[in-house]
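Since the structure comes first, as structure tokens, the remarks are kept for the end.
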Amino acid sequence: MINLNYFKTNLLLLSCILSALAFGQNAPTKVNTQKILLINGTAHVGNGKVIKKSAIGIENEKIILVKDALAYTYAKDDYDTIINLLGKHVYPAFIAPNTTLGLTEIEAVRASVDERETGTFNPHVRSIIAYNTDSKVTPTVRTNGILVGQITPRGGVISGSSSIVHFDAWNWEDAVYKMDDGLHLNWPNSIQKTGWWAEPGPAKKSDKYTDGIQKIEEFFDLAVAYQTQKSISTIDLRLKAMEKVLSGESNLYIHASLYREINDLVNFKKKYNIAKVVIVGGYDAHLHAKKLSSNNIGVILERVHSLPERPEDDVNLPFKLPKILADAKVTFCFQNSGDMEQMGTRNLPFYAGTAVAYGLDYEEAVRALTLNTAKLLGIDDKIGSIEEGKDATIFVSEGDALDMRTNDVTLAFIQGRSIVLDNHQLKNYEKYKTKFGLK
Amino acid sequence: MKSNLTFLFILLFSFSGLSQNHFNTNGVHTKNIPYKVFYNATLHVSGDQTIPNGMLIIKDNIIVHAGAKIKTPENSLTFDLKGKHIYPSFIELDSNFGIEEQKKNKSRSPQYNTSKVGPYYWNEAIKTEVDAIEQYTFDSKEAEKLRKFGFGTILTHTQNGISRGSGALITLNEKPELQLINGKNTQHYSFQKGTSRQVYPSSQMGAIALLRQYFYDAEFHKKNIKTEKVNLTLKANITNENLPAFFSVRDRLAILRAEKVAREFNLQFNYYGNGDEYQDIATLKNSISGTVVIPIDFPKPYDVEDPFDAMYVSLTELKHWEMAPSNPHILEKEMINFAISSKNIDKEQDFLNNLRLSVKRGLSKAKAINALTIIPAQVINEDKKIGTLEIGKLANFIISSDDIFQDNATIQENWVQGSQYIIKESDIVNINGEYNLNVNQIIRTLSIKGSSEKPKGELTYNIVADSISSSGDLVIDNVTGKPIKVTKEKNVAVSISYEKDFINLSYTLAEGIYRMSGNINYDSGSWDGKGQTPEGKWVDWTAIRKEKSKVDKEENEIVYDTITSHKFNYPMVAYGWDSLPAATPVLIKNATVWTLEEQGTIVTDVLIRDGKIKTIDKILDVVDPSTITIDGKGMHLTPGIIDEHSHISISRGVNEGSHAITAEVRIGDVLRNDDVNIYRQLAGGVTACQLLHGSANPVGGQSALIKLRWGLSPEKMKIKGADEFIKFALGENVKQSNWGAQNNIRFPQTRMGVEQVYYDAFIRAKEYETIWQAYEKESSKKKSKAIAPKRDIQLDALLEIVNSKRFITCHSYVQSEINMLMHVADSMGFQINTFTHILEGYKLADKMKTHGVGASTFSDWWAYKYEVNDAIPYNASLLNQMDIVTAINSDDAEMGRRLNQEAAKGIKYGGMSEEQALKMVTLNPAKLLHLDDRMGSIKEGKDADVVLWSDNPLSIYAKVQYTIIDGIIYFDHNRDAQMQVDIQKERVRIINKMIDAKNGGSDTQKVVGKKERTHVCTSIDENEQ
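So the sequences go chain by chain: A and B.
Under the working numbering, residues 1 to 439 are what the first sequence spells out, in order.
Under the working numbering, residues 10001 to 11025 are what the second sequence spells out, in order.
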């Protein structure tokens, strides 16, 4: 399996990596000034296509060439580095939408949690400034192929705005892929759960649901009225922060899951003429598939590795939802919010794998980790697929990256920079292997 | 002749009773007590004995004759009850009549010791010293309500606490001297601690342990009453111990749990049931010996017209709605002794109607009456005084307008100890129907709808419309060609009020207001009286009922409906079995078999028979024609997955998170078999698991090892003959780091304290052993004189650990404390069996190896709390490389159903071989649980617990096709798909029935949120990971 060719031609890159290591743990790498060719790897383009043996050229931060290797001839001198990826797989960076990576370090340690501002309507709150580029968790996520994330605040009815970052930066300004890409609205729950984790009680219809919607509408009415002022004499931070969502410039992410909620949020979108709405959650989205595709609403689907909502549901329904949505032509992508969401982000590829096991086409699954996500987040002009002109934010896995048995990321680029695939967990492993004399 | 003699005896007896009156009399004494004679009635002596045209004679508060008509004695008041029925009045056993409900003090600070001052039991939930009679004051309003229901006698008790003290038997007579029958009649228990704010117990398993320890303490106290210190609680137990005992439960499984306690202490409990006893009736029948008092507050149909709302009414709730009225019938059929209670029913009509509904579902009338009369009397040993209409018993009876099971029958009088209480007719009689209202010789139709309390009247009258009238239409007569007068119907509202037999009506027509008053003749259904017209003229009026409303008519005929669904019964949730599964031989052909034995992974056939793996080899002929053959070509057969750390299938509390040590509690006491996660995990290939107590305390509770035998009773899920295990825990959870600021009282608050908790516990256990050993060594002669030491169920469990008869699975993260616990064990001379979670195991693998402990860890969890900041996903791999028996566990119902994927992470993180990875969730957990002699690999003679996968089981693309336990196919992907269809069919069937019921006039309940949660999500409940 080990490709000697890789080591031979990759010396330059290795030296880059070594110099990066000298900075200390997972220091961001220097700007790429090389011209690199990745040859013979199976490229999962991200748009549904696959190139069995590909040639991918990288220069500076961009992908400059994507071709079938069999139809591409090149001279060795054309590139500074040529890496033979025969038998390996190349993917666009997997993107983690709706994540709190870098906002929360350790869930149970309050001082390390920065994801939930107090208050009900917080459109003015911005996640980006709290994003910690030095989190110890993020490096353990990138080693599985997840290189970009949408850092998302939680709580309240409107939690605030998210921003999209890559995972190789000195500070949050370096990290930004897209600043303040949208606001997050938590739709009221139509169903109240009873019981607790070990013994859930019956779910019951919530009697606060319509009241909750009314409060949202009251706030939106105020925001709409506020924007109609020709000259604003007193600035209301909250209402001002609503501007881009109302004008259709940025996304409104509505976190909602169940049948009634999705039905009502579509009406809400129409009522306030909100151009860009993305559902986050969407367990029952497949029941409204037609409505969603005709209203151009995509779904950031709740965690695939979840229990069914109702005891009567198909035991494997959460595993099958991606296939059902794909068949219904609803644009969707994967995410990992929920329990232990920061550290669990690294399992994102395996949700796609499970979806494949339950019927989703493999390349469609890759698309839902890459290009679909980029589209829904509004960054598909830069990333999301292995296409000429896009950022070289891609990675190489020794085997199928959607299967934990074979996911083994050995090379990853963020904007052309070969990043250090190390983390504190690997270091601890090495440390104690040495102590016990293990290989 | 004989009956006359008895009659004479009673006569004399009742005279002698007269002189016993100690109550002060103001003025001249009333001495004459006449006989009261009720004749011409259908006399129901009991449910089983009916005397047509019978006669009942009472004197004072006693029955002196009940039978055929005899000569009326002198000095009699007579009551002609032609057409009416007399029944013994009902007995309510489940009540807190006259006892004020106590409220719980809502302080948030944890209370560890009792706040009750005095020589009482250490735990406030044990209140044996409470006597209901001491807390009782007669509640006239409630008494009136209960009399309307037909009750004459009430057993009342304080419904608070685990041991609730004694109950008192009361009659609903307003005179104080005629209320008390027995002040200390019964004793009462439950699993709810009630208003006690003491932290212990916080779970049902804790309540069970507390009760068991209490009974041991009570036994000890009784034996050593001379030497023991005064304890009023334990003393009261001696006083009460022979009284009939009642146990209040919230579901049928709790009955099975209480029965286990009863057997341990040779007690007999009767139960206040929940109405769900019909589910898995066979299991109940096999374990119960007492009587169940069942409620008949059957659920109302849900509002299910909105299909979205309906999704949140579970199949269980739908089926329960359908089945609940059949509960009494099923108990009767299965010959389980039961009494009926009116618990949770507010209106007398609902009580009688539900009783009638049960009869329509097959309950015999005789049993229905007995379950309200003689059976409750017998249960409380008072059947000599009450329960039937027999000579010498109390004159407690009701007079009904008709056979009480007729829908329109009403209870008209309720006699309690010889005192007459007339049930207000206006309160109960429904006057709905259509009437011909004749006012001053003009007859119009009056229809009355709505409830009895708020009847809505509507008068239909004709108006004349002719060519002149502006509102009328011009109609031309075809024959004459001239405009004619026509009449049109119009409606006007009539306001109605009535009380007893007096009624008022008023309505407004064009000419003005008509007002009328008169009398209701209930027998004929007609009304008559005088009224005033708008002109002020007095007129006569009558209203004659046309016919009873249609609904009434249909209900008059009793339609028996014993049809009930036979789908999804074991357990009664979605994906339950229709009937219990049975084993047949199974042959799996040509599968890739991961034996995890020396044979390795091979393509071959596997024959399963009698619950065991019979043959692993090419099989040409199948002898048994019932053999199910599965073509396994291209598929993979593995041993069933074993989850070393699971919390599914547990009722009412995973943590007894109150005291630092709760070794006495047992998960095995509170298993539930209706958790749908059992089925979901079968769908993920899990066949066995260790159900662990939570991690809220250094010493938690005892584990239960089960196989996922979906559909079987809790006891039958347990793995017989398995070794005993117990949960320990270290770190943040046990020192209450994340429990909130008010939790800073309990020792330990640091890791330093945890060590001392252990030493204290084990040293106490050893001392306990010394005391017992000294006692056991004595000769039998000396023993009989010596005081046997007191049983302590906590120390029993701790001692088992010290003596290597119970094995520890310890929740652990950080290396320092792991090291500490191994030192504690070493110094006490035993071994830790398993460190579970053990996320820093990789830091001290050498020490673990030396101690000989196993590891059961997560594949990749970390960073959720401070103490897991150094956790690494390579942990399992490193421990495995160090030859430590290592497993991957779930601790999570969701992860539990894809443990094969978690095992596969061992390949990714640390490069395990595929077989090593699969062992992490099969053979290795079997070893940790000491079950590897019968589970964990595919080997001839081992249990047939196997899974057939569509693909390499470590691949994310693998799906479970079949999960087999003990040779029974518990999960079959084809059957699963069919069940999804059947579940929808069954739901639609019942939903249609519900909508019919609603349209037929039944009240409904909304699918509306409860504001409170059924469990409080405190960290005590949740803190597990």
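Glycine included, every Cβ here is placed at the ideal spot set by N, Cα and C.
Closer than 8 Å by C-beta to residue i: which residues in its own chain qualify, once you throw out the five before and the five after it? Chain order, please.
i: Arg10753/B; result: The question names Arg, yet the displayed sequence has Gly at residue 10753/B. Only Lys10735, Phe10747 meet the Cβ criterion.
i: Leu10923/B; result: Leu10596, Pro10639, Asp10932, Gly10936, Ser10937
i: Val10885/B; result: Gly10854, Ala10855, Asn10924, Lys10927, Leu10928
i: Asp10643/B; result: Gln10681, Val10686, Ala10688, Cys10689, Gln10690, Asn10889, Ser10890, Gly10896, Leu10899, Val10921, Pro10925
Candidates the options: which alpha carbon is nearest residue i's?
i: Asp339/A; options: Val304/A, Ala368/A, Leu325/A; result: Val304/A
i: Leu438/A; options: Leu10879/B, Leu10929/B, Arg10897/B; result: Leu10879/B
i: Ile10238/B; options: Gly10829/B, Thr10137/B, Lys10184/B, Tyr10775/B; result: Lys10184/B
i: Met10912/B; options: Asp10892/B, Glu10940/B, Asp10883/B; result: Asp10883/B
i: Asp10792/B; options: Ile10771/B, Asp10951/B, Lys10785/B; result: Ile10771/B
i: Glu10332/B; options: Leu10352/B, Asn10123/B, Gly10362/B; result: Gly10362/B
Rounded C-beta distance between residue i and residue j? I'm assuming under 8 Å.
i: Phe10397/B; j: Tyr10039/B; result: That belief does not hold up - the Cβ atoms of Phe10397/B and Tyr10039/B are roughly 14 Å apart, past 8 Å.
i: Ala10688/B; j: Lys10707/B; result: 5 Å
i: Glu10092/B; j: Ile10133/B; result: That belief does not hold up - the Cβ atoms of Glu10092/B and Ile10133/B are roughly 16 Å apart, past 8 Å.
Got a sec? Which residues, its chain only, sit under 7 Å from residue i by beta carbon, not counting five neighbours each side?
i: Phe436/A; result: none
i: Gln425/A; result: Thr140
i: Leu85/A; result: Leu38, Ile39, Asn40, Gly41, Val396
i: Arg10987/B; result: Leu10315, Leu10318
i: Glu10334/B; result: Ile10281, Lys10285
i: Gln10749/B; result: Lys10735, Gln10736
i: Arg10164/B; result: Lys10127, Val10130, His10157, Thr10158, His10188, Tyr10189, Ser10190
i: Leu402/A; result: Pro349, Phe350, Ala352, Gly353, Val356, Ala365
My output table needs one value for residue i: the three-state DSSP class, helix, strand or coil.
i: Trp10862/B; result: coil
i: Phe121/A; result: strand
i: Gln34/A; result: coil
i: Gln10794/B; result: helix
i: Phe332/A; result: strand
i: Leu239/A; result: helix
i: Asn251/A; result: strand
i: Trp187/A; result: coil
i: Arg10545/B; result: strand
i: Lys10490/B; result: strand
i: Ala22/A; result: Since pLDDT at Ala22/A reaches only 41, below the 50 mark, its modelled position is unreliable, and the value read off the structure follows with that caveat. The answer is helix: DSSP assigns Ala22/A an H, G or I state.
i: Asn423/A; result: coil
i: Gln10815/B; result: helix
i: Thr10410/B; result: coil
i: Ile10294/B; result: strand
With a CB to CB cut of under 6 Å and the five nearest residues on each side skipped, what residues in its chain are close to residue i?
i: Thr331/A; result: Gly298, Asn372
i: Leu10437/B; result: Arg10444, Leu10446, Ala10543
i: Tyr226/A; result: Leu239
i: Tyr10214/B; result: Ile10126
i: Lys76/A; result: none
Can you confirm whether residue i, when its beta carbon is compared against all beta carbons of chain E, has any partner nearer than 7 Å?
i: Lys10959/B; result: As a matter of chain content, chain E is missing from the structure shown, whose protein chains are A and B.
Subject >> Segment contact, 8 Å Cβ cut-off, at least three pairs: the segment 10854–10874 of chain B with the segment 326–346 of chain A >> reply: yes
Original post:
Counting pairs of beta carbons, one from the segment 10202–10221 of chain B and one from the segment 10652–10666 of chain B, are three or more of them closer than 8 Å?
Top reply: yes
Original post:
Would the segment 143–163 of chain A and the segment 92–110 of chain A be scored as touching if the rule is three or more Cβ pairs under 8 Å?
Top reply: yes
**OP:** Would you check if there are 3 or more beta carbon pairs closer than 8 Å linking the segment 10500–10513 of chain B to the segment 10403–10422 of chain B?
**Re:** Output reads no: the segment 10403–10422 of chain B does not touch the segment 10500–10513 of chain B.
Original post:
Counting pairs of beta carbons, one from the segment 10640–10655 of chain B and one from the segment 10664–10680 of chain B, are three or more of them closer than 8 Å?
Top reply: yes
Original post:
Would the segment 10140–10147 of chain B and the segment 10167–10182 of chain B be scored as touching if the rule is three or more Cβ pairs under 8 Å?
Top reply: yes
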